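So the structure is just underneath, and the comments pick up after that.
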């Protein structure tokens with residue numbers, strides 16, 4: 001084993017032209033190396049966090065002693081920078097001191113005197129826009145009014161506003177309902193992509209109608225602001241650039257005209273950039289709640305379901321169960337499964353032990369994420385010694401295979417498991433170097449993007465076998481947590497992560513993860529916008545349970561689907577339920593049964609929760625579940641409740657594996673409702689309908705606008721019970737404090753409302769439209 005000395009380190013870094021050995025930093029580098037390696041050097045080096053903190057303090061004191069003082073932050077940064085480079089070498093491991101990041105408390109109100117003055121001027125200017133545009137009577141003037149109103153009424157950011165106008169066609173506009181379909185991404189490929197559908201207030205509809213009137217001769221799919229065939233050939237980016245130049249020019253003209261008619265000019269709105277910045281605060285001043293005034297500020301936007309849910313939508317009958325779009329027309333309403341008899345023998349491959357299969361982490365050291373990342377960096381450092389650029393030549397086959405086996409054993413020895421995220425990252429890097437023929441620099445870029453240290457702190461990172469679309473979304477959230485990533489950095493991470501998932505697909509891993517096509521986004525929310533309605537759920541439920549017997553396969557599948565649709569449970573959570581997790585009781589007035597479902601061993605902390613099934617589902621679901629549990633208990637009387645799976649073979653306490661439980665439930669739904677149904681979409685439906693129920697409970701007139709107003713979930717008593725449940729101990733103060741969405745997010749198993757709103761709720765457009773509607777319409 002080679003001895004590492006300060007002189008060798010400095011010589012190596014000079015060869016690589018590392019900034020650690022330039023004139024400004026060489027003295028600190030020599031001091032740190034001498035303190036860690038000594039004058040004679042060392043073969044191995046392992047520094048824990050306490051030792052590194054002492055090193056930081058020592059460097060700080062050293063500079064004070066030589067009368068060249070530095071701050072403690074500078075000392076910490078310099079030590080971390082050098083140790084980070086040393087960690088890339090074999091047999092060296094040092095825990096870096098975490099860098100504190102100050103997080104500003106978010107606010108939707110002006111945070112300075114200047115921004116407040118600009119908001120006041122913008123509010124006043126907004127009231128004169130229509131008068132000015134009528135005097136101009138040009139499409140550019142009306143476009144400026146529309147652009148500003150989209151920001152001051154709907155709370156759009158400039159990027160979202162330009163993205164909307166760059167894609168706007170007559171097909172996006174519904175004149176009867178005065179509504180608009182806003183693309184959920186800045187570069188939607190077609191009208192079939194995800195959209196946020198919202199009814200417009202009159203002060204937005206007026207300029208839009210003026211533009212549509214002037215462009216009524218255009219075809220449905222022609223860009224509304226196209227001037228000749230040349231503009232139609234422009235890309236979305238070029239369209240946004242054309243719009244931006246036009247808005248800047250027209251805004252300058254408008255400010256000059258309006259300032260001339262005032263005693264004092266609009267001093268805070270001299271440029272288009274200042275106008276867009278001040279527009280953010282206008283919705284709040286108009287009394288629009290902060291949620292709805294900021295929801296459309298940044299991409300991605302929430303995606304609304306195309307399934308019509310309102311009474312006044314003419315194509316609603318196409319989506320009822322059995323309708324043209326409600327179920328495939330060539331299917332028959334029949335059962336496709338044969339029920340198992342009590343004497344049927346279940347193959348061992350169809351079952352697994354009851355309960356959740358958790359990965360033990362008690363043996364891992366506290367700094368294992370840093371150690372894992374160091375090993376991956378050392379792998380690439382060792383590869384770079386074989387060649388400076390590429391290692392895909394045949395002569396590198398054996399050395400690369402040896403390195404792969406060496407570092408694979410080191411990671412597995414540290415983690416203690418196989419098939420986890422770090423080991424697949426190692427194989428992905430090997431694949432990029434050997435099969436794809438990428439350079440070592442490219443592999444280092446992939447490693448940097450795929451291993452932000454926060455991603456290793458996600459609870460599911462050590463068990464990729466249980467990853468689904470939601471886990472991938474949570475991994476993205478964990479990766480950018482505590483970081484101020486720019487949009488380009490976030491896109492780079494998503495692109496690298498997509499390539500990693502595709503590589504895993506090729507090797508039979510992450511089969512439950514599906515990604516949108518034609519988009520760099522990782523979020524699959526646009527793929528599940530066709531949510532099931534209560535009528536669809538009721539049709540499937542009655543068909544599976546009508547005339548059935550307790551303990552039948554059909555009863556089991558009906559309950560599995562109901563737990564997803566009403567309870568919002570994940571597929572893995574349903575598979576892992578035991579009889580000990582189901583608690584039945586009775587209300588204080590002895591009128592109704594209660595049913596609580598404990599999810600105590602989820603893959604994340606947020607997943608561990610208690611679901612009130614008697615609040616979220618009709619009494620028939622609770623009764624059927626009670627009968628099923630009683631039947632299961634009779635079949636396994638000699639087994640403890642915690643060891644009896646809720647869903648498993650008869651006379652066996654084991655649980656069915658996914659393909660013999662969830663897959664069968666999916667087949668049953670697709671047989672009746674269409675091939676575009678999957679199980680994870682049930683959670684999207686649960687979140688979407690729960691938000692509608694809560695809004696209807698607070699605004700009784702809203703429920704009367706829905707097609708499903710006569711369903712159980714929209715009756716007076718269930719609505720009030722739902723509202724009381726989510727309000728909790730705060731009661732109606734929850735609505736005033738704005739914490740209702742947090743309670744809904746925790747119920748569905750999310751850490752915060754952002755995931756719920758951006759990716760799971762597909763009915764926000766209906767609620768948003770009702771919030772913005774004049775009181776006479778509500």
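Numbering (my numbering), first residue to last: 1 to 778. Every residue gets a Cβ at the ideal spot worked out from N, C-alpha and C, and that includes glycine. Just so you know, these numbers come straight off a predicted model, no measurement behind them.
| Query | Result |
| --- | --- |
| Residues that DSSP places opposite residue 174 in a beta bridge | 179 |
| Exposure of residue 66, with buried meaning 16 or more beta-carbon neighbours within 10 Å | exposed |
| Residue 87 burial status per 10 Å Cβ neighbour count (16 or more: buried) | buried |
| Beta-carbon gap between residue 682 and residue 763 smaller than 8 Å | no |
| Straight-line Cα distance separating residue 492 from residue 679 | 30 Å |
| Identity of the residue in 256, 747, 241 and 40 nearest residue 161 by Cα | 241 |
| Nearest-angstrom Cα separation, counted from residue 666 out to residue 327 | Low confidence applies here, because residue 327 scores a pLDDT of 42, under 50, leaving its location unreliable; read the following figure in that light. Answer to the nearest angstrom: the Cα atoms are 14 Å apart. |
| Through-space distance from residue 301 to residue 260, alpha-carbon basis | 39 Å |
| Residue 616 burial status per 10 Å Cβ neighbour count (16 or more: buried) | buried |
| Residue from 577, 485 and 674 whose Cα sits closest to the Cα of residue 449 | 485 |
| Exposure label - residue 672; buried when at least 16 CB within 10 Å | buried |
| DSSP three-state assignment for residue 337, whether helix, strand or coil | Any reading at residue 337 must be qualified, since the residue scores a pLDDT of 48, below 50, and its modelled position is unreliable; no value is offered. |
| Exposure label - residue 82; buried when at least 16 CB within 10 Å | buried |
| Buried or exposed (CB count within 10 angstroms, at least 16 for buried), residue 586 | exposed |
| Segment limits, beta strand (DSSP E) that includes residue 599 | 593-599 |
| Nearest-angstrom beta carbon gap, residue 276 and residue 222 [assumed within contact, 8 Å] | About 27 Å separates the two Cβ atoms, so there is no contact after all. |
| Residue 251 classed as buried or exposed, judged by whether at least 16 other C-beta atoms fall within 10 angstroms | buried |
| Exposure label - residue 194; buried when at least 16 CB within 10 Å | buried |
| Proximal residues to residue 47 (C-beta, below 6 Å), its chain only, five neighbours per side dropped | 94 |
| DSSP state of residue 536 mapped onto helix, strand, coil | helix |
| contact_flag[the stretch 715-723, the stretch 505-512] where n(CB pairs < 8 Å) is 3 or more | no |
| Stretch-stretch touch, CB-based, cutoff 8 Å, three pairs: the stretch 261-274 with the stretch 724-741 | no |
| Simplified DSSP state of residue 293, which is helix, strand or coil | helix |
| Sufficient close CB pairs (3 or more, under 8 Å) joining the stretch 445-465 to the stretch 390-405 | no |
| Any 3 or more C-beta pairs closer than 8 Å across the stretch 576-585 and the stretch 554-561 | no |
| Runs of beta strand (DSSP E) wholly within the stretch 471-531 (minimum 3 residues, chain order) | none |
| Spatially closest choice to residue 119 from 165, 774, 233 and 148, by CA coordinates | 148 |
| Contact the stretch 280-300 vs the stretch 129-144: 3+ CB pairs below 8 Å | no |
| Three-state secondary structure (DSSP) of residue 149 | helix |
| C-beta atoms of residue 640 and residue 760 nearer than 8 Å | no |
| Touching by the beta-carbon criterion (3+ pairs, under 8 Å), the stretch 609-629 and the stretch 591-599 | yes |
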